[in-house]
Amino acid sequence: MASSVTEDLARDGVFFVAGDVTRSAFDRLVERLGAPIAEERIALRPGAHAYVAKARRVPLHTDHPDVDFVAWHCVEQDRDDGASLLLDTRSTLHAMRRESPVHFEKLFDTSLVCPPLSGGPPTLLRPVLRKTGSELHLFCSPWLRAADDSDGRGAALEELRERLSRAARTECVARRMQRGGVVIVDNRRVLHGRAPIAEYSQRRLDRVWIARW
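Letter by letter, the sequence shown follows residues 149 to 361 in this note's numbering.
Written out as structure tokens, the structure reads:
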């Protein structure tokens, strides 16, 4: 299992094990990828403002742009569903670069306003697209606003979001963990979310943010 995590992430952007992974084995997978920089128990919380703590649908998104990988370990799954919905954005980005090059290039100059890793009000600016070597790194969360939507930036972001919405209808995959299951995604490439769950759901996941070695 440990030997395949880097291979699966490089090929698909996703690593998945349905269940029966111990917490210590999960921690070893995390350590293989980089340094854990934050951990949170994902569960429903009455009165919470965060999408992940509410029963309603969690839109497809990336997490904080300074996070390279996001890993979840399933403590308890929802009785009826609770699957993680995942969208690899690589083909969508390549299609946009080919078919709409002006808007594609504008995304490198379009920043979203996001909070610091430690939390608090949104004060940081991070680009929607950046490049490391030949790799494209995406930052896209539908509830975050653009810092400046002038000079074609707003139109470029709107086109990207529309393309991702269309791709989600045909390319999104569901990965439903059982107790002890693991999902790890490349946060610079794969959007994640989930369908609505019941208000009484006992779904609980331990989420770890990872900075690449």
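Ideal Cβ placement from N, Cα and C applies to all residues, glycine included. Note that the structure is a prediction, hence the values are computed from the model and not measured.
- Boundaries of the alpha helix (DSSP H) harbouring GLU310: 301 to 319, taken from the DSSP string.
- Short of 7 Å from the beta carbon of GLU188, and not among the five residues preceding or following it, lie these beta carbons of its own chain, in chain order: ARG355.
- Under DSSP, the beta-bridge partners assigned to TRP220 are VAL331 and ARG355.
- Listed in chain order, the non-local C-beta contacts of ALA243 below 8 Å within the same chain comprise ARG311, local neighbours out to five positions each way being set aside.
- Classified as exposed, ASP299 has fewer than 16 neighbouring CB atoms from the shown chains inside 10 Å of its CB.
- As computed with DSSP, LYS279 is found in a beta bridge with LEU284.
- Across the set THR237, ARG159 and PHE217, the C-alpha of THR237 shows the shortest separation from the C-alpha of GLU319.
- Distance from the CA of ARG324 to the CA of VAL165, rounded to the nearest whole angstrom, comes to 9 Å.
- Secondary structure at ALA243: helix, using DSSP grouped into helix, strand and coil.
- By the C-beta criterion, the segment 327 to 337 is judged not to be in contact with the segment 288 to 298, since fewer than 3 inter-stretch pairs fall below 8 Å.
- Per DSSP, reduced to three states, the secondary structure at VAL169 is coil, with no helix or strand assignment.
- For GLU188, the enclosing beta strand (DSSP E) has its first and last residue at 182 to 190.
- GLY267 sits exposed, since fewer than 16 C-beta atoms from the chains shown fall within 10 Å of its C-beta.
- Of the candidates VAL200, VAL169 and ILE190, VAL200 places its Cα closest to the Cα of PRO344.
- Assignment of PRO207 by DSSP, reduced to helix, strand and coil, places it in the strand class.
- In the structure shown, the three-state DSSP call for VAL153 is helix.
- Looking at the DSSP output, HIS340 shares a beta bridge with HIS209 and LEU234.
- Proximity to ASP211 across HIS285, LYS254, SER349 and PRO249 peaks at HIS285, based on C-alpha coordinates.
- Here ALA322 is bridged, per DSSP, to LEU233.
- Boundaries around VAL250 are those of the alpha helix (DSSP H), 249 to 254, since no beta strand (DSSP E) includes it.
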